[in-house]
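Protein chains: 2
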Amino acid sequence: MTYCLGIITSSGLVIAADSRTNAGVDYVSTYQKLFDFTWVNERVLILCTSGNLSITQGVLNLLNKDLRTQAESNLHTLPTMYEIAQYVGSKVRSMQEQNRPWLQKDGIDAQCNLLLGGQIQGEEPELYMVYSQGNFIQATKETPFLQIGETKYGKPILDRTLTFETSIEAAAKCALLSIDSTMKSNISVGPPINLIAYDRDSFETKRRLTLRLGDPYLVKIRKQWEVSLRQAFERMPDVDWQHNPHSKVDIAYTDSLD
Amino acid sequence: MTYCLGIITSSGLVIAADSRTNAGVDYVSTYQKLFDFTWVNERVLILCTSGNLSITQGVLNLLNKDLRTQAESNLHTLPTMYEIAQYVGSKVRSMQEQNRPWLQKDGIDAQCNLLLGGQIQGEEPELYMVYSQGNFIQATKETPFLQIGETKYGKPILDRTLTFETSIEAAAKCALLSIDSTMKSNISVGPPINLIAYDRDSFETKRRLTLRLGDPYLVKIRKQWEVSLRQAFERMPDVDWQHNPHSKVDIAYTDSLD
Numbered sequence: 001m002t003y004c005l006g007i008i009t010s011s012g013l014v015i016a017a018d019s020r021t022n023a024g025v026d027y028v029s030t031y032q033k034l035f036d037f038t039w040v041n042e043r044v045l046i047l048c049t050s051g052n053l054s055i056t057q058g059v060l061n062l063l064n065k066d067l068r069t070q071a072e073s074n075l076h077t078l079p080t081m082y083e084i085a086q087y088v089g090s091k092v093r094s095m096q097e098q099n100r101p102w103l104q105k106d107g108i109d110a111q112c113n114l115l116l117g118g119q120i121q122g123e124e125p126e127l128y129m130v131y132s133q134g135n136f137i138q139a140t141k142e143t144p145f146l147q148i149g150e151t152k153y154g155k156p157i158l159d160r161t162l163t164f165e166t167s168i169e170a171a172a173k174c175a176l177l178s179i180d181s182t183m184k185s186n187i188s189v190g191p192p193i194n195l196i197a198y199d200r201d202s203f204e205t206k207r208r209l210t211l212r213l214g215d216p217y218l219v220k221i222r223k224q225w226e227v228s229l230r231q232a233f234e235r236m237p238d239v240d241w242q243h244n245p246h247s248k249v250d251i252a253y254t255d256s257l258d
Numbered sequence: 001m002t003y004c005l006g007i008i009t010s011s012g013l014v015i016a017a018d019s020r021t022n023a024g025v026d027y028v029s030t031y032q033k034l035f036d037f038t039w040v041n042e043r044v045l046i047l048c049t050s051g052n053l054s055i056t057q058g059v060l061n062l063l064n065k066d067l068r069t070q071a072e073s074n075l076h077t078l079p080t081m082y083e084i085a086q087y088v089g090s091k092v093r094s095m096q097e098q099n100r101p102w103l104q105k106d107g108i109d110a111q112c113n114l115l116l117g118g119q120i121q122g123e124e125p126e127l128y129m130v131y132s133q134g135n136f137i138q139a140t141k142e143t144p145f146l147q148i149g150e151t152k153y154g155k156p157i158l159d160r161t162l163t164f165e166t167s168i169e170a171a172a173k174c175a176l177l178s179i180d181s182t183m184k185s186n187i188s189v190g191p192p193i194n195l196i197a198y199d200r201d202s203f204e205t206k207r208r209l210t211l212r213l214g215d216p217y218l219v220k221i222r223k224q225w226e227v228s229l230r231q232a233f234e235r236m237p238d239v240d241w242q243h244n245p246h247s248k249v250d251i252a253y254t255d256s257l258d
């Protein structure tokens, strides 16, 4: 499994990913899933991948090949983030076309999803999710985050702390806690965690981090978050069993037998 | 969707369930999913259901019919919780056998899962999950909770606050927060919430509650939990971007192009 998330706020972007891949519980390994295609001072471009590893590595290879051969359309020539999302989608479609019929013969899942975040000179920062089918959606102010992979365990913290006005520092913290919650509940998501925080209009990714297994900062925030959660939990008022006596009858199936 | 959970601790049981059912987003309705089959002073028996509603209602109907007709084997005659789990599993198998071939013709999911918690005089409290296939597992001290339905959003709070030694009051609070987290992140889980807390060896379910939409206690704990979470979040140390400068190279795909 995989968990990657992108956050877009009024002051920039945060992109984070775990690095665990598994094909069954007996084949767990580590693969990088966050890739920085930034061209400093010109454009910031970050990609995260989830799903079938052979498909996503193929997509990255195609993107990279176009850069190296200076193909007319590549990550560094296309003029807008929208067109880059379309272009990444076309690479996904090409990999799917090539491999899917073969994978399907053996019932292997060919699905993949990608996150694409960045900013091009003269444009706003933007964040996209590209689907297996090559189509894509863009994050908006109303829901300023997108997730791929094992998304559910880490969503409550995002739902409760993130808005479009959240600072980049707070969004980065939130991303780490979201990944940590996921790692705690699903062993198929694991370190190293890659994290990038991008300040809008800076056109470089200065703040980036790889947190490995047992990294002291990772250990510290997990411990502190657990203590804080437990304290918050203990401060919650006990259930008021008396406040609605009429509810007692609602769930009895066998009153007549009592 | 549905979310139900059962918690077993050294001092008793907590069982909770939402009440939302949906067949597509355009057919959302309210159905009770927690049922109390307790026979006061003799045995406490609580069932929760998730999955295909026609199947689970059918199972409940079969269980109830055996009670009303005083069949030899019924929820009030079987001597152990294990045998009751087996018996509930046999009703699941009977409903599956009867309906699954018809549902499968139209690609309709016939899956269902049930939680069964309770205590019989002379026995310990026990908690089971009965699968669609009629087989079942029992909760143990190591992992003192079982969930059915939309389980992921509400799991982090359980993973971080529950142990077998948690008090029943705390476990009940935790169950409500787990359901509230799920409701916040998935609109197909919703109130009324039914909640039962059972003190071991009491052989009655005195503490039970139905929390309806907008219930003041539900509003209060959601608000207070959000405030507490946000405060805990704000107290977390900011990301230390400098602590591992070597990590910078790891995720760059295009250093040569910088």
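Respectively, the protein sequence lines represent chains A and B. Under UniProt numbering, the first residue of the first sequence carries the number 1, and numbering increases by one thereafter. Under UniProt numbering, the first residue of the second sequence carries the number 1, and numbering increases by one thereafter. All C-beta atoms in this analysis are idealised placements derived from N, C-alpha and C, irrespective of residue type, glycine included.
Closer than 8 Å to chain A by CB, residue i
i: Pro79/B; result: no
i: Cys4/B; result: no
i: Cys48/B; result: no
i: Leu176/B; result: yes
i: Lys184/B; result: yes
i: Asp235/B; result: Just to set this straight, residue 235/B is Arg in the shown sequence, not Asp. Yes, Arg235/B lies at the interface with chain A (some Cβ there is under 8 Å from its Cβ).
For residue i, the three-state DSSP class (helix, strand or coil)
i: Pro245/A; result: Residue confidence for Pro245/A is low, a pLDDT of 48 falling below 50, so the modelled location carries little weight; the figure read from the coordinates is stated next. Pro245/A falls in the helix class under three-state DSSP.
i: Asp199/B; result: strand
i: Thr56/B; result: helix
i: Met1/B; result: coil
i: Leu34/A; result: strand
i: Thr182/B; result: helix
i: Tyr82/A; result: helix
i: Glu169/A; result: helix
i: Tyr153/B; result: coil
i: Thr161/A; result: helix
i: Ser132/B; result: coil
i: Ala16/A; result: strand
i: Glu226/A; result: helix
i: Asn61/A; result: helix
i: Gln104/B; result: helix
i: Gln231/A; result: helix
i: Arg68/A; result: helix
Candidates the options, of which the one nearest residue i by Cα
i: Val44/B; options: Thr77/B, Glu204/B, Lys220/B and Thr210/B; result: Glu204/B
i: Met129/A; options: Gln104/A, Thr49/A, Lys33/A and Gln121/A; result: Thr49/A
i: Ala197/B; options: Leu13/B, Cys4/B and Ile8/B; result: Leu13/B
i: Gly24/B; options: Ile187/B, Arg207/B and Ser228/B; result: Ile187/B
i: Lys223/A; options: Leu176/A, Gly117/A and Leu114/A; result: Leu176/A
i: Leu115/A; options: Gln70/A, Leu47/A and Gly149/A; result: Leu47/A
i: Ser54/A; options: Met95/A, Lys105/A and Ala171/A; result: Met95/A
i: Ser178/A; options: Glu142/A, Ser10/A and Ala16/A; result: Ala16/A
i: Asp159/A; options: Met236/B, Trp241/B, Pro79/B and Ser185/B; result: Ser185/B
i: residue 347/B; options: Tyr87/A, Asp66/A, Asn74/A and Asp240/A; result: Absent from the model: residue 347/B. The displayed extent of chain B is 1 to 258, so no value can be given.
i: Thr143/B; options: Gln104/B, Ile8/B, Val92/B and Met81/B; result: Ile8/B
i: Pro191/B; options: Lys141/B, Pro216/B and Arg200/B; result: Pro216/B
Neighbour list for residue i in chain A, Cβ cutoff strictly below 8 Å
i: Ala232/B; result: Trp225, Ser228, Leu229, Gln231 and Ala232
i: Ser181/B; result: Pro156
Partner residues on chain A for residue i, Cβ-Cβ distance less than 9 Å
i: Ala172/B; result: Asp238, Val239 and Trp241
i: Glu169/B; result: Asp238 and Val239
Under 8 Å from the C-beta of residue i: neighbouring residues of chain B
i: Tyr153/A; result: Lys152, Tyr153, Lys155 and Pro156
i: Asp159/A; result: Lys184 and Ser185
Original post:
Residues in the region 216–229 of chain B with C-beta within 8 Å of chain A's C-beta atoms, listed in sequence order?
Top reply: Answer set for the region 216–229 of chain B: Pro216, Tyr217, Lys220, Ile221, Gln224, Trp225, Glu226, Ser228 and Leu229.
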